[in-house]
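Residue numbers (the numbering used here), protein chains in the order written: chain B, 125 to 421; chain D, -11 to 219; chain L, -7 to 231. As structure tokens, the structure follows; a few thoughts come after it.
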């Protein structure tokens, strides 16, 4: 799910870098505020833990094995803002040190896995605070669905045309992967809690459940929408066509004299569709912002 | 002579209910090297952690005339340098120089002055040429000396060493002893290594179940508690 | 391990190694962006490939080993290259493959010629949040330590397993238990690190040493490097 460079079209990676950079700044400020000073080294060490954890294989039947991705587990342990920041550090390290995922695409990968992925993991944890097992499973499940769905959508909007059969197959694989991540997250979190119940104690009981519910619904819509959109690119193109008419003045203004990457029509349309997507994602983020603010007040 | 460290009736209980210290007294004067012996879990490390306020129990702990408590922590930690058992936990910065400069920077020295102090401390422990290396790639002996440099750069009056010979091969132990003997600071050393203790100790304390069972010369204590494999 | 070799490379000496991390970051970003915005054709990549090759030679890095290391992107790229090919765009597929490979090589050249602490400090002075940089630095510092622990645990598990066939379910829970223990060790280690930090006067504020001076040569390198990247872009876009 780490998108390398040159897979995304220029408007897509540029937009997502533009969205992710201020978002990471905000998350970092928020994490600094809510983190006890004693837990600062913990974030980096747990980043290293997630790397190392990926070396441990979990059998998932028919002779194959999977490993933990970790976003949901970190969210359950650290809470949303610190987890998002730790994931950002992990993704950046993967991009630079291991060439796993692109550098221009860093914004996209951070957006998919560290921001949207962690949000999608945190909401079920908050909503099912009373039923921890359900919350943990859904956290793993939705973090992967969200990240994978966004990655797929971004690739599609970037003009990588996948045959519909292959698309259906990859959507299926993502769903299986999401179930596996949910199961592993639940098993590992439970095992950790058996060792010391205080270790996975992200504050899930604070904040308004109503807002969490609304945001969670928004996330559901986005995830479902992404998969629908990716499996039916024609529909996306139609939305794009519509958005192109309405969003062209907005999009064209800042990039008017730079015609190269905006050249082909499909690209412009998919960029517009992506912008729409960002708006939906943005409203979800805004909702969660209010939610977080209520929590702290 | 006024003591550098004065511990009176110190008690400490961990969160899980274990009573780690049950009324400990300790006095350390300038120039002394006090060695703490005793079984694992007898309270040696717990006591050391009190000496620069990393733990705070009941009773009184005074360092250089200051009561160890939140308002004095900053000064206490400048006076008391602590070298931990696990050097990998102590050397957390990406390069040796940055790690050794960490203390002076926290003491409020400007970056250039902190770097100069760090370089001087590294030269002192014989690691002048590895300032840009990553701690992970150092040998166990180099790690221990780098950790010591990180503490010396703060120019403390007291050195606390917890099991300093862990993971060290004999040549590294020898060079550590040479280095420590020549340092003017008062030292409190917890160790299982009796030969190492013999090279440094001016006095020894034996810990048993959170209490000082006996205080005296090292040879006396080793004999009394049969604290050597051939004793 | 991959990063051990790359780290050794990053501590070599050459004209490229001597340049300030900020200058190299800037040039690398310019190259990546110029390549990414060039037309989707494999020919586009030729001048960029040459530039990166020149960089590798100037940095006195082993070309063949570098080429092998950057190949980590190829499986992913080949998959999508094949997808494009099936979709009737063989040229776009080939371009995807070649361009993503050269991008990976560019990033590899950057990290193989810049020690990780210098790179992070450079990013920080270019505006990356302090806490994030700190986290990445702790992550990298303990990556070796904790991975080694994980490998020991895996080894121990293999030794105990023997030839007995365990049920999938038990194997799954054993893996979860192993991760929990790895987590516990990491957690305790983080507490130890915090203790060591506090013992040396840490009170929540991080101070850093002065970053190395940005020399005139660094400025020239950054300027010329970015200009060459833009030229290469113009060349392939209008050819």
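Cβ coordinates follow ideal geometry from the N, Cα and C atoms, glycine included. For clarity, every value in this text was computed on a predicted model and none was experimentally measured.
Original post:
Under the rule that 16 or more other beta-carbon atoms within 10 Å means buried, what is residue 339 of chain B, buried or exposed?
Top reply: By the 10 Å Cβ count, residue 339 of chain B comes out buried.
Subject >> Neighbouring residues, chain B, relative to residue 60 of chain L (Cβ below 8 Å) >> reply: Correct list: empty, because the minimum Cβ distance to chain B is about 12 Å.
Subject >> Where the alpha helix (DSSP H) through residue 274 of chain B begins and ends >> reply: From DSSP, the alpha helix (DSSP H) with residue 274 of chain B extends over 256 to 281.
Original post:
Within the 8 Å Cβ cut-off, does residue 40 of chain L reach chain B?
Top reply: Proximity of residue 40 of chain L to chain B, defined by a Cβ-Cβ separation below 8 Å, is not satisfied.
Subject >> Members of the stretch 7 to 41 of chain D near chain L, C-beta cut-off 9 Å >> reply: For the stretch 7 to 41 of chain D, which is checked against every Cβ of chain L, the residues closer than 9 Å are 37, 40 and 41.
Subject >> Counterpart residues of residue 55 of chain D in DSSP-defined beta bridges >> reply: Answer by DSSP bridge pairing, in chain order: D:50.
Subject >> Nearest neighbour of residue 270 of chain B, chosen from B:249, B:251, B:245 and B:255 [CA to CA] >> reply: Comparing C-alpha distances from residue 270 of chain B to each of B:249, B:251, B:245 and B:255 shows the shortest one belongs to B:245.
**OP:** Name, please, each residue of chain B whose Cβ falls closer than 9 Å to the Cβ of residue 64 of chain L.
**Re:** Within chain B, the residues whose beta carbon sits less than 9 Å from that of residue 64 of chain L are 222, 223 and 224, listed in sequence order.
Subject >> Rounded separation between residue 105 of chain D and residue 166 of chain L - CA only >> reply: One C-alpha to the other measures close to 49 Å.
Original post:
Comparing the C-beta of residue 155 of chain L with each C-beta of chain D, is any distance below 8 Å?
Top reply: Per-residue confidence for residue 155 of chain L stands at a pLDDT of 48, beneath the threshold of 50, marking its modelled position as unreliable; the derived number appears in the next sentence. For residue 155 of chain L, the answer is no, since every Cβ of chain D falls outside 8 Å of its Cβ.
Original post:
If you measure from the beta carbon of residue 196 of chain L to each beta carbon in chain B, is any gap under 8 Å?
Top reply: At least one CB of chain B lies nearer than 8 Å to the CB of residue 196 of chain L.
Subject >> Option in L:69, L:74, L:41 and L:15 with minimal Cα separation from residue 59 of chain L >> reply: Minimum Cα-Cα distance from residue 59 of chain L among the listed residues L:69, L:74, L:41 and L:15 corresponds to L:41.
Subject >> Complete runs of the alpha helix (DSSP H) confined to the stretch 178 to 248 of chain B [at least 4 residues] >> reply: Runs of the alpha helix (DSSP H) inside the stretch 178 to 248 of chain B: 195 to 202, 204 to 222 and 230 to 233.
Subject >> 8 Å Cβ shell around residue 156 of chain D - same chain, five flanking residues per side excluded >> reply: Only 128, 129, 132 and 164 meet the Cβ criterion.
Subject >> Proximity to residue 176 of chain L [Cα-Cα], best of B:249, B:185, B:324 and B:303 >> reply: Among B:249, B:185, B:324 and B:303, the Cα nearest to that of residue 176 of chain L belongs to B:324.
Original post:
On the three-pair Cβ rule with 8 Å, is the stretch 305 to 318 of chain B touching the stretch 181 to 200 of chain B?
Top reply: Yes, since at least three Cβ pairs between the stretch 305 to 318 of chain B and the stretch 181 to 200 of chain B fall closer than 8 Å, the two stretches touch.
**OP:** Please check if any C-beta of chain L sits within less than 8 Å of the C-beta of residue 161 of chain B.
**Re:** Taking Cβ atoms only, chain L reaches closer than 8 Å to residue 161 of chain B, which makes this a yes.
Subject >> Chain-ordered neighbours of residue 129 of chain B on chain L, where CB pairs are closer than 7 Å >> reply: In chain order: 24, 28, 92 and 95.
Original post:
Under the DSSP definition of a beta bridge, which residues are partnered with residue 196 of chain D?
Top reply: In DSSP, residue 196 of chain D forms a bridge with D:199.
**OP:** Answer with buried or exposed for residue 160 of chain B, where buried requires no fewer than 16 other C-beta atoms within 10 angstroms of its C-beta.
**Re:** Looking at its Cβ environment, which holds fewer than 16 other Cβ atoms inside 10 Å, residue 160 of chain B is exposed.
Original post:
For the stretch 136 to 150 of chain L, which residues have a CB atom closer than 9 Å to at least one CB atom of chain D, in sequence order?
Top reply: Cβ contacts with chain D come from 136 and 137.
**OP:** Spell out a yes or no on whether the stretch 180 to 190 of chain B and the stretch 141 to 151 of chain B are touching, meaning 3 or more CB-CB pairs, one atom from each, closer than 8 Å.
**Re:** Contact between the stretch 180 to 190 of chain B and the stretch 141 to 151 of chain B is absent, because fewer than three Cβ pairs lie under 8 Å.
Subject >> Proximity of residue 62 of chain D and residue 193 of chain L at Cβ, strictly below 8 Å >> reply: Result yes, Cβ atoms of residue 62 of chain D and residue 193 of chain L sit closer than 8 Å.
Subject >> Cα-Cα separation, residue 123 of chain L to residue 206 of chain B >> reply: Taking the straight line from one Cα to the other gives about 10 Å.
Original post:
Residues in the stretch 165 to 186 of chain L with C-beta within 7 Å of chain B's C-beta atoms, listed in sequence order?
Top reply: So the close ones are 165, 167, 168, 169, 170, 171, 172, 174, 175, 176, 178, 179, 181, 182, 185 and 186.
Original post:
Quick one: which chain B residues come within Cβ less than 8 Å of residue 8 of chain L?
Top reply: Residues of chain B passing the Cβ test: none, with the nearest at roughly 16 Å.
Original post:
When the Cα of residue 144 of chain L is compared with those of L:21, L:174, L:2 and L:87, which residue comes out closest?
Top reply: For the residues L:21, L:174, L:2 and L:87, the minimum Cα distance to residue 144 of chain L belongs to L:174.
**OP:** Anything in chain L within Cβ reach of residue 285 of chain B, meaning under 7 Å, just list it in chain order.
**Re:** Within chain L, the residues near residue 285 of chain B are 79.
Original post:
Using 8 Å as the limit for Cβ to Cβ distance, is residue 152 of chain L near chain D?
Top reply: Put simply, the CB of residue 152 of chain L is far from chain D, with every gap to its CB atoms at 8 Å or more.
Subject >> Straight-line Cα distance separating residue 60 of chain D from residue 82 of chain D >> reply: Cα to Cα, the separation comes out at about 30 Å.
**OP:** Determine the direct distance from the alpha carbon of residue 118 of chain D to that of residue 187 of chain D, and round the result to whole angstroms.
**Re:** The alpha-carbon atoms of residue 187 of chain D and residue 118 of chain D are separated by roughly 28 Å.
Original post:
Apart from the five residues on each side of it in sequence, which residues of its chain come closer than 8 Å, Cβ to Cβ, to residue 42 of chain D?
Top reply: Excluding residues within five positions, the ones whose Cβ falls inside 8 Å are 70.
Original post:
Taking the runs of the alpha helix (DSSP H) that are 4 residues or longer, which of them lie wholly in the stretch 157 to 190 of chain L?
Top reply: None, since the stretch 157 to 190 of chain L contains no complete alpha helix (DSSP H) of that length.
Original post:
Does residue 116 of chain L have its Cβ less than 8 Å from a Cβ in chain B?
Top reply: Chain B contact via Cβ: absent.
Original post:
Thinking C-alpha only, which one of D:86, D:45 and D:-4 is nearest residue 202 of chain L?
Top reply: For the residues D:86, D:45 and D:-4, the minimum Cα distance to residue 202 of chain L belongs to D:86.
Original post:
Would you say residue 65 of chain D reaches chain L, if we count a Cβ-Cβ gap shorter than 8 Å as a contact?
Top reply: It does; some Cβ of chain L falls within 8 Å.
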